[in-house]
Structures are given as C-alpha cells and as structure tokens.
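Be aware that the sequence shown starts at 0, since it is given in numbering that gives the first Met the number 0, and climbs by one per residue. For glycine and all other residues, C-beta sits at the position ideal for the given N, C-alpha and C. Notes follow the structure.
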Amino acid sequence: MEDIVGLCKRRGFIFASSEIYGGYNGFYDYGPLGVELRNNIKQAWWRDMVHRRDDIEGLDSTIIMHPAIWRASGHIDSFSDPLVDCKDSKRRYRADQLFFAPVIIDGETLGYVAFMEGTDQPTILKRAKKIRDWAGKTQSKIDEVALANDRKEMTESTEAQRAQTLAPEAGRVGSLTAPREFKLMFETKVGPLADDSAVAYLRPETAQGIFANYKNIVDTGRVKIPFGIAQIGKAFRNEITPRNFIFRSREFEQMEIEYFIAPDADWKALHREWLDTCIDWLVSIGLPRESITEDVHAEDKLAFYSQATTDLMFQFPHGEQELWGVACRSDYDLKQHQKHSGKSMEIFDEASKSKFVPHVIEPSLGVDRTLLAVLTAAYSEDEVPNDKGTAEKRIVLKFNPRVAPYKAAVFPLLKNKPELVEVAEKLYKKLQRRWNVFYDASGAIGRRYRRQDEIGTPFGITIDFETIEKDGTVTLRDRDTCEQRRVTEAELFDFLEEQIDG
Ligand code: GAP
C-alpha cells in the first residue's frame with residue numbers, strides 16, 4: 000500500500016484532501032492522472048452497462064433529496080454502525096472491526112487485549128504482555144494459542160470483559176465504552192429556517208435516487224420488465240474509521256444499477272447472472288480473474304433491506320475485502336416508497352398481462368474502490384535494460400488500455416531535429432482528436448519510456464529517421480513486454496482503436 004500511495008502522490012494520481020492544512024481524514028483529491036483514470040473507469044462502466052445493453056437506462060439524480068426518502072428507505076432509523084469510544088486515548092472504533100482476545104496464564108484469564116482488524120500477532124502479544132506485567136507475572140508464559148484463536152468481535156463483549164480490556168492505544172484497562180449505534184448519514188440544513196424542519200441528508204447511496212425516479216422512467220421511457228436503471232454519483236458516509244487510503248472514505252462515488260424483475264422471476268438465477276457479468280467486467284478493466292472471490296453473506300449479517308447478498312471480494316494490499324456488492328433487495332424499497340409517498344409503484348407487464356411492484360437486484364460498486372483495485376493489479380516492479388544496455392529497476396503500472404490515463408505517448412527520437420519534431424507533432428495532434436495522448440521530446444528515449452511506464456501509458460510511438468527517410472512507419476513499443484515493431488499510420492490507428500475501445 001505504501002508503494003501505491005507514494006506513487007499516487009509523486010505522479011499526481013491522488014492527494015490527501017486539504018493537504019496544506021494537514022489533510023482531512025477520509026477525504027481525497029484526484030490529480031491530473033487520477034481524474035483521467037477515474038473518468039475512464041466510469042466511462043467503461045457506463046459504456047458496458049448502459050450503452051451496450053438494451054435493457055438499462057441511465058439517470059443522474061440529486062445528492063440532496065427530500066428527507067422523506069431516507070425515512071421511507073429506513074436509513075434514518077437503521078443506517079448506522081456500532082461504535083465504541085476509548086475514554087483513555089479518545090479514539091473511536093467500529094465495534095465490528097475491533098476484536099478482543101483473552102490473556103491467559105496457567106489457565107487463569109488476567110484480562111483481554113483489544114486490536115483492530117489486520118493487526119499482526121507480535122503486536123497483539125506485545126500488548127498482552129502489558130496486562131501480564133501489570134498483574135505482576137512478568138516471567139510467566141502467555142497462552143499464545145488462546146490469544147490467537149479465541150478472538151471475538153467487540154460487539155459480543157460483556158461489561159465485565161470490557162472492564163478488563165486493554166484498548167489498542169490505551170494506557171490502562173477498562174477504557175472502552177459499551178457499543179452504541181452511530182448514525183452514518185451526514186446532515187445539513189436546507190433553506191432559511193434553522194430548525195429541525197430544515198434538516199436534510201447527503202445521500203449515503205445513489206440507489207434511493209433511482210427508486211425515487213423509477214416511476215418517472217417507467218412512465219416516460221419504453222422500458223419493460225426486466226430492465227435496469229443505472230447511476231454514477233457521489234455518496235457520503237460519516238465512516239467511524241475511514242482507512243486504507245481510498246478504500247473506505249467519507250466522500251466517495253458509486254456506480255449502481257437497480258435491475259427490476261417480476262416478483263415470480265427466478266431471482267437466484269438472475270443474481271448469479273449479475274455476479275458473472277460483474278466479474279467479467281472487472282476482468283475487462285484489468286483485474287486478474289484469480290484475484291476476485293465471492294463472499295455470500297450469512298442471513299443474520301444481511302443489510303436491513305436485503306434478501307440475499309454476495310460480495311465480490313478483491314485481494315487489496317491490506318487484505319481480501321469487498322469490492323462490489325450484489326444484493327437482492329426484493330420489493331422492499333419500492334413498497335416502502337409506495338407506502339410513504341402514497342404513489343403506486345406498480346408496473347403493467349405486457350408479457351404476463353399483470354400489474355405488480357417489481358423486485359430488484361442491485362449490483363453496487365464504488366468508483367474509488369475500483370480505482371484502488373485497478374492500481375493494485377497494475378502495480379509491478381521489474382528490470383529492463385537502460386540506454387546503455389545495463390539492467391535497471393523500473394516501476395510500471397500495467398493498466399489495461401481501456402482505463403489507462405494516457406493511451407499512448409509520442410516521441411520524436413531527437414528534439415533538435417526539426418524534421419522529426421514536425422512529423423511527431425502532427426501525429427500527436429491527430430491522435431489527440433481521438434484519445435488522451437502525451438507528447439514528450441526531452442531526454443534520452445529510454446528515460447522517456449520509463450516515465451510513461453511509471454504512469455501506465457500502454458504504448459510508446461517513436462518517430463525516427465526511418466519514418467521520415469523511408470516508409471513513414473513509426474516504432475510502436477509495448478509497455479509490458481518492451482517489444483518494438485514498425486507499423487504504418489493506418490495500422491497504428493486500427494491497433495489503438497481495438498486495444499482502447501474494443
Ligand atoms: N446501495 C447499496 C450500497 O450502497 P454498500 O455495500 O454499502 O451498498 C456499495 O456499498 C459499494 O460502495 C461497496 O461495495 C463499495 O465498493 C462502495 N463503498 C461503500 N462504502 C464506501 C466507502 N466508505 N468508501 C469507498 N467506497 C465505499
């Protein structure tokens with residue numbers, strides 16, 4: 000993760016928000032390369048999910064909506080995470096991401112040590128030794144098997160256990176409060192009144208904008224069951240513990256589809272179909288198939304609206320974590336909005352000549368999390384020969400051409416040869432009409448290649464003397480293999496079109 004964060008800052012992909020004021024926890028800004036990568040991911044998703052399908056329509060709804068929507072959806076009452084406070088360190092933790100394990104010596108439990116998800120065993124043991132030392136048993140051996148295996152979530156702790164627990168950054172035991180529900184929606188006020196009637200919320204998911212507009216789209220479009228509505232947009236959550244770079248932030252973007260189906264449709268088969276579509280899409284933007292697994296939610300862990308949920312998990316630098324949630328939300332949301340708004344959410348289905356409130360399958364994906372997955376999959380280090388032929392370490396981002404910020408870079412072999420520069424500039428301008436391309440005339444050609452490798456530009460195009468003196472062909476270099484071949488201009492455009500837009 001450190002390598003990725005360092006590269007992102009150094010090359011202008013991602014910066015901490017408000018960095019000149021020391022940053023702002025849980026918020027990130029995207030620099031010149033980051034915004035390109037981000038836009039390419041969104042465009043690829045939109046093209047594949049909306050433009051290239053006949054059964055999905057697009058939508059762009061507002062971030063702030065009538066507060067009644069969040070009452071109907073259940074978010075005002077139920078969208079929360081369990082929180083515990085540490086009275087000693089003043090830190091806050093998500094109780095379902097904080098664990099505790101017993102410190103046992105000679106069969107006697109001396110206390111408990113609390114630690115965050117992902118803490119390594121030596122660190123846990125070091126904290127456990129504090130409890131041992133405070134009990135005056137400095138020379139005794141801690142039961143390391145129990146410490147490693149008998150861990151529980153803080154949500155399951157009793158008051159008596161918490162009284163004996165040493166929190167991660169505390170200097171004494173018993174500093175953790177009982178878990179309590181912490182509301183995740185950001186509040187704001189709309190209009191000139193400052194009282195409670197003005198309270199509104201920044202949306203925590205884009206999905207409700209889709210449900211709220213479902214009727215408009217049914218009434219104005221030509222949709223018929225099954226059909227989907229897709230939306231890309233910002234979402235906000237006052238996460239208790241934003242962490243792991245852009246993986247969990249407080250302002251992020253989602254790409255969501257609500258796919259409406261008949262109540263008697265085989266939702267399990269459709270759920271499977273959607274999971275496969277999502278996996279294929281992730282592979283199409285460069286994630287290795289073997290890095291994606293499935294996590295089927297146990298019934299007692301389902302979100303309040305869900306009938307079944309399977310998360311597509313990705314091997315992030317900090318471990319295997321949720322990337323894409325594919326939930327079967329039944330008719331919960333539409334029925335709730337029907338009840339609270341008094342407007343019918345029924346659709347007339349020509350095929351079965353019947354009226355019903357449809358059920359829904361919801362593939363919901365974070366843009367930022369996808370971007371982190373793309374960066375993780377692309378990051379690699381290898382050795383290639385430099386201009387003098389000696390092996391040199393290189394950092395390379397092996398982005399799929401579909402999402403790469405720059406699709407190609409154009410280089411005149413020498414910048415002090417006007418005849419090379421003229422042809423190179425002409426080709427650059429021509430390519431620029433179609434794609435985001437880079438022009439670089441300065442430095443040794445090997446160094447120019449390396450600079451592009453580090454930002455993931457898949458193709459290098461060099462104009463040399465053969466171009467101007469012989470047949471007009473250019474050298475096309477592949478970023479990953481470093482192989483070079485000569486191509487005509489027509490071949491170059493065909494090749495790039497296939498690689499980038501195919
Ligand atoms: N409408 C359903 C929904 O919002 P979710 O599992 O809470 O479900 C869907 O979120 C996706 O949004 C997640 O799989 C993840 O990719 C992304 N996401 C959720 N919370 C996030 C956060 N705090 N930071 C970045 N991405 C987040």
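Which partner residues does Trp266 have in the DSSP bridge list?
Looking at the DSSP assignment, Trp266 forms no beta bridge with any residue, so it has no partner.
Evaluate Asp142 with the Cβ neighbour count: other Cβ atoms within 10 Å of its Cβ, from every protein chain shown; 16 or more gives buried, anything less gives exposed.
buried
Which two residues bound the contiguous beta strand (DSSP E) that contains Ile467?
Premise fails: Ile467 is in no beta strand (DSSP E) and is neither H nor E.
In the region 206–261, which residue ranges form an unbroken beta strand (DSSP E) of at least 3 residues, counting only runs that do not cross its ends?
226–235, 250–260
Express the C-alpha separation of Gly388 and Ala440 in angstroms, rounding to a whole number.
21 Å
Quick check on Cys277: does DSSP put it in helix, strand or coil?
Three-state DSSP puts Cys277 in a helix.
Return yes when the C-beta of Ser329 is under 7 Å from any heavy atom of the ligand GAP, and no when it is not.
no
Which residue marks the beginning of the alpha helix (DSSP H) containing Trp434, and which one marks its end?
Where Trp434 is concerned, there is no enclosing alpha helix (DSSP H), given that its DSSP letter is neither H nor E.
Would you call Ile63 buried or exposed, if buried means 16 or more other Cβ atoms sit within 10 Å of its Cβ?
exposed
Under 7 Å: does the beta carbon of Ala211 sit that close to some heavy atom of the ligand GAP?
no
Just verifying my parser: in three-state terms, what is the DSSP assignment at Tyr304?
In this structure, Tyr304 counts as coil in the three-state DSSP scheme.
What is the DSSP secondary structure of Glu321, counted as helix, strand or coil?
strand
Restricting to Cα atoms, I'd like to know which of Gly471, Glu252, Asp477 is closest to Gly455.
Per the Cα distances, Asp477.
Please classify Gln483 as buried or exposed, where buried requires at least 16 neighbouring CB atoms within 10 angstroms.
exposed
Does DSSP classify Phe185 as helix, strand or coil?
coil
Considering Asp493, what are the terminal residues of the alpha helix (DSSP H) in which it resides?
488–500
Taking all protein chains shown into account, decide if Lys287 is buried (16 or more other Cβ within 10 angstroms of its Cβ) or exposed.
At residue 287 the sequence reads Pro, which differs from the Lys that was named. By the neighbour-count rule (16 or more Cβ atoms within 10 Å), Pro287 is not buried but exposed.
Quick one: what does DSSP say Thr502 is sitting in, helix, strand or coil?
With the chain running from 0 to 501 in the structure shown, residue 502 is simply not present.
Which residue marks the beginning of the beta strand (DSSP E) containing Tyr92, and which one marks its end?
For Tyr92, the enclosing beta strand (DSSP E) has its first and last residue at 91–93.
Return yes when the C-beta of Phe98 is under 7 Å from any heavy atom of the ligand GAP, and no when it is not.
no
State yes or no: is the C-beta of Ile278 within less than 8 Å of the C-beta of Leu311?
yes
Would you check whether the ligand GAP has a heavy atom nearer than 7 Å to the C-beta of Ser60?
no
Could you say if the region 201–215 and the region 245–265 meet the contact criterion of at least three C-beta pairs nearer than 8 Å?
A contact is defined here as three or more CB-CB pairs under 8 Å, and the region 201–215 meets this definition with respect to the region 245–265.
Grab me the residues of Tyr507's own chain with a C-beta within less than 6 Å of its C-beta, minus the 5 sequence neighbours each way, in chain order.
Past the edges of the chain, shown from 0 to 501, lies residue 507, and the structure says nothing about it.
On the criterion of 16 or more Cβ atoms from any shown chain inside 10 Å, does Gly406 qualify as buried, or is it exposed?
In the sequence as presented, Gly is not what sits at residue 406; that position holds Lys. Burial call: buried.
Hey, Ile346 and Pro357 are a contact pair by Cβ (cut 8 Å); roughly how many whole angstroms apart?
6 Å
Can you tell me the Cβ-Cβ gap for Glu152 and Asp95, rounded? I've got them flagged as a contact below 8 Å.
6 Å
Which of helix, strand or coil does DSSP assign to Asp80?
strand
Could you tell me whether any non-hydrogen atom of the ligand GAP is closer than 7 Å to the CB of Asp367?
yes
Pull up the distance between the alpha-carbon of Gly442 and that of Glu453, whole angstroms please.
Approximately 16 Å, taken between the alpha carbons.
Between Ala302 and Ala326, how many whole angstroms is the CB-CB distance? I'm expecting something under 8 Å.
7 Å
Secondary structure at Gly110, three-state DSSP: helix, strand or coil?
In the structure shown, Gly110 adopts extended strand secondary structure according to DSSP, grouped into three states.
Quick check on Gln120: buried or exposed, where buried means 16 or more other Cβ atoms within 10 Å of its Cβ?
By the 10 Å Cβ count, Gln120 comes out exposed.
Provide the residue span of the alpha helix (DSSP H) that contains His336, from first to last.
331–340
Return yes when the C-beta of Ser503 is under 7 Å from any heavy atom of the ligand GAP, and no when it is not.
Given a span of 0 to 501 for the chain in the structure shown, any question on residue 503 remains unanswerable.
Can you name the start and end residues of the beta strand (DSSP E) that Tyr27 belongs to?
27–29
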